[in-house]
Amino acid sequence: MLKLTGVNVDLAGNRILRDVNCTFEKGTTVGIVGRNGAGKTTLLRTIMGLIKLQAGEIRLDEVILSSLPGHARAGYQIGYSPEDRIIFPTMSVEENLRLPCHAIKQSRQSIDHRLEVVLEVVPDLVPMLKRSGSALSGGQGKMVALGRALMVGTRLLLLDEPFQGLAPKLGLIYTDALSRLKTLQPDICVVITESNIKLLGNIPDRIWTIERGSIELQQTM
Ligand SMILES: Nc1ncnc2c1ncn2[C@@H]1O[C@H](COP(=O)(O)OP(=O)(O)OP(=O)(O)O)[C@@H](O)[C@H]1O
Ligand SMILES: [Mg+2]
5 MLKLTGVNVD LAGNRILRDV NCTFEKGTTV GIVGRNGAGK TTLLRTIMGL IKLQAGEIRL
65 DEVILSSLPG HARAGYQIGY SPEDRIIFPT MSVEENLRLP CHAIKQSRQS IDHRLEVVLE
125 VVPDLVPMLK RSGSALSGGQ GKMVALGRAL MVGTRLLLLD EPFQGLAPKL GLIYTDALSR
185 LKTLQPDICV VITESNIKLL GNIPDRIWTI ERGSIELQQT M
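Here it is, written out as structure tokens:
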């Protein structure tokens with residue numbers, strides 16, 4: 005479904021991703037584990053089109069993503085929750101959730117419908133909807149970032165270190181949301197990065213390790 009072939013990325017003149025070849029199948033949850041600076045964020049940002057490839061190709065089913073500008077990729081049902089969250093403080097939680105759908109000009113009706121599904125997956129967002137984006141704890145911000153990624157990410161969901169700094173109780177709520185997602189949308193592909201493999205528990209079906217920008221399949225659960 006998502007296929008990276010020979011992907012090389014340079015940042016500031018240094019090679020950061022080295023000949024990345026991997027395939028993430030529909031309906032699977034994939035963990036990408038690597039220490040700080042290994043290239044996890046760079047990999048996700050490259051898939052999102054926020055960083056240019058030096059060489060290689062990224063394909064989502066029939067679409068060659070790497071030949072599309074970054075802003076065009078959300079239209080292919082890809083949701084991204086960055087490690088630094090970026091919740092807009094002057095907007096309510098609900099406005100934050102709706103924002104990416106407005107950005108790709110979805111109809112009011114389809115946004116309302118999608119919001120209902122997302123709130124079913126992450127019911128903890130319901131009491132937060134009217135709250136200001138500035139009034140959230142770090143953990144709550146991560147839940148909102150998950151919800152926002154889900155609003156458009158109906159095919160592919162990219163989550164950058166979601167469990168980092170999350171209190172154990174919120175970690176369980178997050179994990180429960182991911183398993184509800186699998187039940188409601190069995191075809192979705194979820195990619196989760198972590199530096200600490202233990203935080204992933206038994207969520208992933210597969211784990212890839214990344215080290216100095218090189219990726220390899222570690223295990224199939
Ligand atoms: N904008 C940039 N310009 C130059 N080098 C960068 C840039 N962003 C990241 N790097 C370098 O690329 C490498 C990979 O960084 P990246 O943020 O992808 O790692 P990571 O695995 O996400 O790390 P962390 O666990 O700390 O989030 C690091 O050596 C980093 O210093
Ligand atoms: Mg990172």
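According to the working numbering, the sequence shown is numbered sequentially starting from 5. Ideal Cβ positions, reconstructed from N, Cα and C, are used throughout, including at glycine.
Among Thr187, Met132, Asp191 and Thr213, which one has its Cα closest to the Cα of Thr197?
Checking every option, the nearest Cα to that of Thr197 belongs to Thr213.
Let me check understanding here. Comparing Cα to Cα, which of Gly53, Leu57, Pro190 and Gly41 lies closest to Glu165?
Checking every option, the nearest Cα to that of Glu165 belongs to Gly41.
From Leu133 to Gln113, what does the alpha carbon distance come to, in whole angstroms?
Roughly 18 Å separates the two Cα atoms.
Quick one: give me the first and last residue of the beta strand (DSSP E) that Asp180 is part of.
No beta strand (DSSP E) holds Asp180; the alpha helix (DSSP H) holding it covers Pro172 to Leu188.
How about Gly161 and Val122: are their beta carbons less than 8 Å apart?
The question names Gly, but residue 161 is Leu in the sequence shown. Against a cut-off of 8 Å, the Cβ pair of Val122 and Leu161 comes out as no contact.
Is it the case that the CB of Asp164 approaches a heavy atom of ligand 2 more closely than 7 Å?
At least one heavy atom of ligand 2 is nearer than 7 Å to the Cβ of Asp164, so yes.
What are the residues that DSSP puts in a beta bridge with Phe28?
Note: Phe28 sits in a beta bridge opposite Leu6.
Opposite Cys193 in the DSSP bridges: which residues?
DSSP output for Cys193 lists Leu160 as bridge partner(s).
Let me know the secondary structure DSSP gives Thr198 once reduced to three states.
Reading off the sequence, residue 198 comes out as Glu, not Thr. It is a strand residue.
For Leu115, does the three-state DSSP call read helix, strand or coil?
Correcting the residue identity first, residue 115 is Ile in this sequence and not Leu. It is helical.
Looking at the unbroken alpha helix (DSSP H) that takes in Leu48, where does it start and where does it end?
Segment Lys44 to Met52, the alpha helix (DSSP H) holding Leu48.
Note down the Cα distance separating Leu163 from Arg19, rounded to an integer number of angstroms.
Going by the C-alpha atoms only, they are around 23 Å apart.
Would you check whether ligand 1 has a heavy atom nearer than 7 Å to the C-beta of Ser199?
Ser199 Cβ: within cutoff of ligand 1.
Just the residues with CB closer than 5 Å to a heavy atom of ligand 1, in chain order, which are they?
Per the Cβ criterion, the list is Leu15, Ala16, Ile20, Asn40, Gly41, Ala42, Gly43, Lys44, Thr45, Thr46 and Ser199.
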